[in-house]
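Single-structure report; data block below.
There are 2 protein chains.
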Amino acid sequence: MMPSATPHGFELTLPEWAAAELATRAQRELSSLEDRMRLVIELARTNFQRDTGGPFAAAVFDETSARLVAIGVNRVVPMRCSSAHAEVMALSLAQQAAGTHDLGGPGQPPHQLVVNWCPCAMCCGAVIWSGVRSLVIAGSGPELEQLTGFDEGPIHPSWAAELTRRGVTVTDGVLRDETCAMFRQFAASGRAVYNARQG
Amino acid sequence: MMPSATPHGFELTLPEWAAAELATRAQRELSSLEDRMRLVIELARTNFQRDTGGPFAAAVFDETSARLVAIGVNRVVPMRCSSAHAEVMALSLAQQAAGTHDLGGPGQPPHQLVVNWCPCAMCCGAVIWSGVRSLVIAGSGPELEQLTGFDEGPIHPSWAAELTRRGVTVTDGVLRDETCAMFRQFAASGRAVYNARQG
Numbered sequence: 033m034m035p036s037a038t039p040h041g042f043e044l045t046l047p048e049w050a051a052a053e054l055a056t057r058a059q060r061e062l063s064s065l066e067d068r069m070r071l072v073i074e075l076a077r078t079n080f081q082r083d084t085g086g087p088f089a090a091a092v093f094d095e096t097s098a099r100l101v102a103i104g105v106n107r108v109v110p111m112r113c114s115s116a117h118a119e120v121m122a123l124s125l126a127q128q129a130a131g132t133h134d135l136g137g138p139g140q141p142p143h144q145l146v147v148n149w150c151p152c153a154m155c156c157g158a159v160i161w162s163g164v165r166s167l168v169i170a171g172s173g174p175e176l177e178q179l180t181g182f183d184e185g186p187i188h189p190s191w192a193a194e195l196t197r198r199g200v201t202v203t204d205g206v207l208r209d210e211t212c213a214m215f216r217q218f219a220a221s222g223r224a225v226y227n228a229r230q231g
Numbered sequence: 033m034m035p036s037a038t039p040h041g042f043e044l045t046l047p048e049w050a051a052a053e054l055a056t057r058a059q060r061e062l063s064s065l066e067d068r069m070r071l072v073i074e075l076a077r078t079n080f081q082r083d084t085g086g087p088f089a090a091a092v093f094d095e096t097s098a099r100l101v102a103i104g105v106n107r108v109v110p111m112r113c114s115s116a117h118a119e120v121m122a123l124s125l126a127q128q129a130a131g132t133h134d135l136g137g138p139g140q141p142p143h144q145l146v147v148n149w150c151p152c153a154m155c156c157g158a159v160i161w162s163g164v165r166s167l168v169i170a171g172s173g174p175e176l177e178q179l180t181g182f183d184e185g186p187i188h189p190s191w192a193a194e195l196t197r198r199g200v201t202v203t204d205g206v207l208r209d210e211t212c213a214m215f216r217q218f219a220a221s222g223r224a225v226y227n228a229r230q231g
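So the protein lines, in turn, are chains A and B. If you use the numbering used here, the first sequence corresponds to residues 33 to 231, in order. If you use the numbering used here, the second sequence corresponds to residues 33 to 231, in order.
Given below as structure tokens:
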């Protein structure tokens, strides 16, 4: 493909169905971690079923009020952007809503990121830089890679300890079986896995 | 700060001076790694001196033609986005120009990313997902953190081997002294360092 004129900006957006979902749910309270993860799994499933991205979603909550601040879904292929993982989408949208790059900055409530598996090599770093105070995941074992074929990349061998050391608490294993069932649905659907360097 | 209405998209842009620079230099050939790094150091210096972001820049080249495809500078604070590192900006803009999330995809020439230091924990992953075939850096030691105060995060202990194993060759030490001199200029300027969770 010939390169087009060199752009000097790019926009990343949620799919229409997710923007509508967000408008409905924004500022609603979701008190339990299970309820939060259930929302995330539902977003991930809808994302691949509607062909708007991979089977990954994330949501940011205000831990004080239990309110939903932002959601994200994987947008790599439709947005033509390999960094448009669900975590980056949700964290960036939460930062736009909060008006700052630092969700742990002055005057901010503690923020929590809920994701449907252990963040990949890139997103582990993105979580730290975002300023969130806690990370909730459905699992962190090899199941994601085994069930879906997606590559998690070279995750730091002590990633959870590194997050904890930097003030981000990690809760693992929330709705793990439900998440694996959704990954199996994705695999059974025969949809594309888009790992890098397929040329 | 009160959260505003929940956004469902966000835009990341280069500063005006960098967009103008890109318009001037796009598609120009820069044959040597030193010439490419010199451009990157100049962009990083201009970025902090004009108060449009931190002292980090990146550029993507088509390795076959030696042409400049995209540039990026750190935009974290002005864009209110902790993921807006120079590497993410340059890689995302190159992907927009190429019309695909995979710079190593079918029909693409080999792409090279040139950055003024070892990518942070997040950007190591971003480099892998981008599809570039090579990474050129000015250095990878503790000098960046020591001279500027910026945190590189939990970089994988075998990051260079992990990149190589995934088909990304790494060239280290290009214009290292010139880069450290620029970091010293940044430190002497007294400008802010924006690491996460400053609240």
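Where is the CB? At the ideal position from N, CA and C, for every residue including glycine. Quick caveat: nothing in here was measured; it's all calculated off a predicted structure.
Check                                                                                                                                                                            : Outcome
Give, in chain order, every residue of the region 69-90 of chain B whose Cβ lies closer than 8 Å to some Cβ of chain C.                                                          : This model lacks chain C altogether; the protein chains it does include are A and B.
Comparing C-alpha positions only, which one of A:Glu-210, A:Gln-127, A:Leu-123 and A:Gln-128 sits nearest to Val-146 (chain A)?                                                  : A:Leu-123
So that I know if they touch, is there some Cβ in chain A lying closer than 8 Å to that of Asp-209 (chain B)?                                                                    : no
Against chain B, with Cβ distances strictly below 8 Å, would Arg-216 (chain A) count as a contact?                                                                               : no
In the DSSP output, what is Val-105 (chain B) paired with across the bridge?                                                                                                     : B:Ala-89
Can you pull the chain A neighbours of Asn-143 (chain B), defined as C-beta to C-beta under 8 Å?                                                                                 : Rather than Asn, the amino acid found at residue 143 (chain B) in this sequence is His. Under the 8 Å cutoff, chain A gives no residues; its nearest Cβ is about 10 Å from His-143 (chain B).
Looking at Ala-50 (chain A) and Val-72 (chain A), is the spacing between their C-beta atoms short of 8 Å?                                                                        : no
Kindly indicate which three-state DSSP category Ser-36 (chain A) falls into: helix, strand or coil?                                                                              : Only weak support exists for where Ser-36 (chain A) lies, its pLDDT of 47 falling under 50; the value from the coordinates is given anyway. Of the three classes helix, strand and coil, the one that applies to Ser-36 (chain A) here is coil, per DSSP.
Under three-state DSSP, which class holds Thr-211 (chain A)?                                                                                                                     : helix
Where DSSP assigns a beta bridge to His-188 (chain A), which residues make up the other side?                                                                                    : For His-188 (chain A), which the question treats as bridged, DSSP gives no partner whatsoever.
Only counting the same chain, and skipping five residues up and downstream in sequence, which positions put a Cβ closer than 7 Å to that of Asp-183 (chain A)?                   : Glu-177 and Asn-227
Going by the CB atoms, is the gap between Ala-102 (chain B) and Val-92 (chain B) shorter than 8 Å?                                                                               : yes
Thinking Arg-154 (chain B) and Trp-161 (chain A) are a contact (beta carbons under 8 Å), I'd like their distance in whole angstroms, please.                                     : According to the sequence provided, residue 154 (chain B) is Met. The question's Arg does not apply to it. Correct: roughly 6 Å between the Cβ atoms.
Can you pull the chain B neighbours of Arg-112 (chain A), defined as C-beta to C-beta under 7 Å?                                                                                 : Gln-127, Gln-128, Gly-131, Thr-132 and His-133
For Gly-136 (chain B) and Leu-167 (chain B), what's the separation of their Cα atoms in angstroms?                                                                               : 13 Å
On the premise that Thr-180 (chain B) lies in contact with Pro-87 (chain B), defined as a C-beta separation below 8 Å, what is that separation, rounded to the nearest angstrom? : 6 Å
Where does Pro-186 (chain B) land, buried or exposed, given buried means 16+ other C-beta within 10 angstroms?                                                                   : buried
Quick check: the Cα distance between Ala-52 (chain B) and Arg-107 (chain B), rounded to an integer number of angstroms?                                                          : 16 Å
Would Asp-180 (chain B) pass as an interface residue toward chain A - the criterion being a Cβ-Cβ separation below 8 Å?                                                          : What sits at residue 180 (chain B) in the sequence shown is Thr, not Asp. Answer no: the Cβ-Cβ gap between Thr-180 (chain B) and chain A never drops below 8 Å.
Can you say whether Asp-209 (chain A) is buried or exposed, counting buried as having 16 or more other CB atoms within 10 angstroms of its CB?                                   : exposed
Report the rounded CA-to-CA distance for Phe-80 (chain A) versus Thr-56 (chain A), giving the unit in angstroms.                                                                 : 21 Å
Kindly indicate if chain B contains any beta-carbon less than 8 Å away from that of Trp-233 (chain A).                                                                           : Outside the shown range of chain A, which is 33 to 231, sits residue 233 (chain A), and nothing can be said about it.
Need the endpoints of the beta strand (DSSP E) that Glu-43 (chain A) sits in, please.                                                                                            : 41-45
Please report the distance separating the alpha-carbon of Gly-85 (chain A) from that of His-133 (chain B).                                                                       : 12 Å
Have a look at His-143 (chain B) and Ala-192 (chain A) and give me their C-alpha separation to the nearest angstrom.                                                             : 33 Å
Counting only the same chain and skipping the five closest in sequence on each side, list residues whose C-beta sits under 6 Å from that of Ser-172 (chain A).                   : Cys-150 and Asp-204
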